[in-house]
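> Numbers 143 to 645, taken from the working numbering, label the letters of the sequence shown in order.
In this text, a Cβ means the ideal position worked out from N, Cα and C, and glycines have one as well.
Handing you this structure, nothing more for now.
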Amino acid sequence: MAGGRRRGGGGRRGGPQQHTGTPQPAPPPAPLCPAAPTAQPAGAAPKAGRPKKVVEERAARAPDVDSLGFQAMDRNVPGLSHVILKKLNMESYEDYKSAMDGRKSGSDFGIRTYFDMFQKMEDTFKFCAECKKLPDALPDPKSLRRCKRCQNVYYCGVACQRANWPLHKKFCKKLKLVALDRLVEWLVFTGDIPFPTETWTKPARDVKGWEDWFSMQEQLEEKLGAIVAGRYMTLLWANAGKPRPEDGELRQSIRRLVTDFHSRPLTIGLGLRLFGIDPLAKPLTVHVVGASHVETLNTRPTDYDELTRMFPGHQGMEMVMVGVDVVDGPIMRPPLATPAPRGRVYLSSYKGLYHDFWESHVETKLAARPDLVVGFHPGFHACPDLLAGWLPTLLLLRDYGLPVLFTVYSEQELKASLQILVELETHIVGYASNPFASLRPEQVYSSPNKAPVYCSSHYIALLGAEASAVPGAEGLEDDDDGWQGGEPSAAAAVGGGITPVLG
Ligand SMILES: [Zn+2]
Ligand SMILES: [Zn+2]
143 MAGGRRRGGG GRRGGPQQHT GTPQPAPPPA PLCPAAPTAQ PAGAAPKAGR
193 PKKVVEERAA RAPDVDSLGF QAMDRNVPGL SHVILKKLNM ESYEDYKSAM
243 DGRKSGSDFG IRTYFDMFQK MEDTFKFCAE CKKLPDALPD PKSLRRCKRC
293 QNVYYCGVAC QRANWPLHKK FCKKLKLVAL DRLVEWLVFT GDIPFPTETW
343 TKPARDVKGW EDWFSMQEQL EEKLGAIVAG RYMTLLWANA GKPRPEDGEL
393 RQSIRRLVTD FHSRPLTIGL GLRLFGIDPL AKPLTVHVVG ASHVETLNTR
443 PTDYDELTRM FPGHQGMEMV MVGVDVVDGP IMRPPLATPA PRGRVYLSSY
493 KGLYHDFWES HVETKLAARP DLVVGFHPGF HACPDLLAGW LPTLLLLRDY
543 GLPVLFTVYS EQELKASLQI LVELETHIVG YASNPFASLR PEQVYSSPNK
593 APVYCSSHYI ALLGAEASAV PGAEGLEDDD DGWQGGEPSA AAAVGGGITP
643 VLG
């Protein structure tokens, strides 16, 4: 399968080897990380009291997150999922699912040229942002016209555009960046992005965020310039069906996409530091729980190497991607039973539920016990089905007292997630905005006129159960390195009174 990409989750990349010769396009943006705010309207977070009942049920089945995403999309724009499947040359959601799972090999989505690829991607955004009509529902499908400013949203006519403007004007500028990044992201598939990086010249504790990170990149402007002037950038704008922006805008877009690429490894690095886990002291194992296509589709074994540059001289780190939606690929290899090789980051995966993995691999010592567990956008706050699927994992993490870092897309999701974790009597050691959040804005696919979200915009750190809180807290670094977490009372989290601790 060509380099696939899911909306909303900073999806993934193909190696440069895929892009020599014939076009190997990324398919149009398939929906969507359902953990993104598409999944549920605000206020859908579970009410107090329910989890205890659900605990008893211990749902054995994993939620099908993609199908939830499709449903959410069709609630906003009826019929849009059908358009997307058609563009992907697929009959049904089941086809899509098997392609994503790698069960249907050789699926090329019927895309033959670069122009075709960009056109199909754009087509999936063609619906009237005001009345939600798809092209087929219009007397003349070509009458759908794009907002000139952002080149992102469409209208069936002047009346809808006027009616929508008071709302759209709040987001038009950001949506322009979203549309640009969506195209430039193709350079992640071609291998142009990210540019090569070097060992950090400052200790990790002194790198407070992206500004510091970029300041360590030698010859940054030359590297950005080479990408802007590169063959694939030229090819992109020859086929995108939009005018090429100025070089300055392209450089900014590349920078945002570079942060998107490195956000996951650096957030893991942040988690290690927050819990005082020293990669120089011993080999480490990190479990990425609830991993999906977003983390595993076309992921290369080198994609988390920035951790080696962050912690030069480390003793070896293994990242094990565990989740039902893990995709077959270069990192689909068994977890190590021995420590990770010194000075290297080793990626492996397990396709299945985390508590099953725990039973079959960790308890039997086929895989190491994790030093840190990370979940990117778990989305358990989004709807009861997802929460039911997550519960066994959440309880396992709590009851084994494992250091856990979860990320969310927005402050709103942070509040909803905290509420659930408080109800589960998890010990929340802190939460804050993430200094290594992706800087790339992402729109809610089928509902563009909403505030854009950012991958891993906030994090929550957990350690064991509420009653056993005290021992764990000592493990945390207590310095001024951006740890702004506070301990929410149940009332604070539930009542939403958490703003003061957010950066
Ligand atoms: Zn309309
Ligand atoms: Zn606009």
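(1) So, for A611: in the same chain, excluding its five sequence neighbours on each side, which residues have a beta-carbon less than 7 Å away from its beta-carbon?
(2) Buried or exposed: K344, going by 16 or more other Cβ atoms within 10 Å of its Cβ?
(3) Ligand 1 heavy atoms versus the CB of K275: any closer than 7 Å?
(4) First and last residue of the beta strand (DSSP E) that includes K493?
(5) Are G221 and L286 touching if we call contact CB-CB under 8 Å?
(6) Contact between the segment 529-548 and the segment 476-490 is defined here as three or more beta-carbon pairs at a separation below 8 Å; is this criterion met?
(7) Is L325 a contact residue of ligand 2, with contact defined as CB to any heavy atom under 7 Å?
(8) For the segment 558-573 against the segment 495-505, do three or more pairs of beta-carbon atoms, one drawn from each stretch, fall closer than 8 Å, so that the two count as touching?
(9) Going by DSSP in three states, A510 sits in which element: helix, strand or coil?
(10) Using a threshold of 7 Å, is the CB atom of L317 nearer than that to any non-hydrogen atom of ligand 2?
(11) Tell me which residues share the same chain as K316 and place their Cβ nearer than 6 Å to its Cβ, disregarding the 5 neighbours each side in the sequence.
(12) So the candidates are T549, L605, H435, G458; which of them puts its Cα closest to the Cα of D467?
(13) By a C-beta neighbour count over all protein chains shown, 10 Å radius and 16 as the cutoff for buried, is R200 buried or exposed?
(14) Note down the Cα distance separating P534 from A603, rounded to an integer number of angstroms.
(15) Within its chain, find whatever has a CB closer than 7 Å to the CB of L544; leave out the 5 residues flanking it on each side and keep chain order.
(16) Just mark G191 as buried or exposed, buried being the case when its beta carbon has 16 or more other beta carbons within 10 Å.
(17) In whole angstroms, give me the CA-to-CA distance for V196 and H523.
(18) Going by DSSP, which residues form a beta bridge with P545?
(19) In the structure shown, what three-state DSSP assignment does C302 receive?
(20) Pop quiz: P577 and G351 are said to be a contact at Cβ under 8 Å. What is the actual Cβ separation, rounded to whole angstroms?
(21) Does DSSP put L317 in a helix, a strand or coil?
(22) So, do the segment 444-457 and the segment 393-407 have three or more beta carbon pairs nearer to each other than 8 Å?
(23) Have a look at the DSSP bridge pairing and note the partners of F518.
(24) Given this structure, state the Cα-to-Cα distance separating I562 from L547, to the nearest angstrom.
(25) Is the distance from the Cβ of C270 to the Cβ of C314 below 8 Å?
(26) Identify whether G465 lies in helix, strand or coil by the three-state DSSP scheme.
(27) For the alpha helix (DSSP H) that V330 lies in, which residues bound it at each end?
(28) Taking just the CA atoms, how far does F212 sit from P173?
So, from the data block:
(1) Residue placement at A611 is flagged as unreliable, the pLDDT there being 45, under the threshold of 50; a coordinate-derived value is accordingly withheld.
(2) Of the other Cβ atoms in all chains shown, fewer than 16 fall within 10 Å of the Cβ of K344; this residue is therefore exposed.
(3) At least one heavy atom of ligand 1 sits closer than 7 Å to the Cβ of K275.
(4) Taken as a continuous stretch (DSSP letters only), the beta strand (DSSP E) holding K493 covers 487-493.
(5) Their beta carbons are not under 8 Å apart, which means G221 does not touch L286 by this criterion.
(6) No: fewer than three Cβ pairs fall under 8 Å.
(7) L325: no, Cβ never under 7 Å from ligand 2.
(8) Output reads no: the segment 495-505 does not touch the segment 558-573.
(9) A510 falls in the coil class under three-state DSSP.
(10) Placement of the Cβ of L317 at a distance of less than 7 Å from at least one heavy atom of ligand 2 is found.
(11) So the qualifying residues of the chain are P583, P594.
(12) Minimum Cα distance to D467 is reached at H435.
(13) Because the pLDDT of R200 is 31, which lies under 50, any placement of that residue in the model is unreliable, and the number read from its coordinates should be weighed accordingly. Residue environment analysis places R200 among the exposed positions, since fewer than 16 neighbouring C-beta atoms fall within 10 angstroms of its C-beta.
(14) Going by the C-alpha atoms only, they are around 18 Å apart.
(15) Answer for L544: P512, V515, listed in chain order.
(16) Because the pLDDT at G191 is just 34, under 50, the model does not fix this residue reliably, and the point stays unresolved.
(17) Summary for V196: the model assigns pLDDT 34, below 50, so the residue's position carries little reliability; its value from the coordinates is reported in the next sentence. The straight-line gap from Cα to Cα measures roughly 14 Å.
(18) Note: P545 sits in a beta bridge opposite L605.
(19) The three-state reading of DSSP puts C302 in helix, counting H, G and I together.
(20) Sure, about 4 Å apart at Cβ, within 8 Å.
(21) Helix, per DSSP.
(22) The segment 444-457 makes contact with the segment 393-407, as at least three CB pairs between them are under 8 Å.
(23) Partner(s): T549.
(24) Rounded to the nearest whole angstrom, the CA to CA distance from I562 to L547 is 15 Å.
(25) In this structure, C314 does not lie closer than 8 Å to C270 by Cβ.
(26) Strand.
(27) Looking at the DSSP string, the run of the alpha helix (DSSP H) that includes V330 is 328-332.
(28) With a pLDDT of only 32 at P173, under the threshold of 50, the placement of this residue in the model should not be trusted; the figure read from the coordinates follows. Rounded to the nearest angstrom, the two C-alpha atoms are 7 Å apart.
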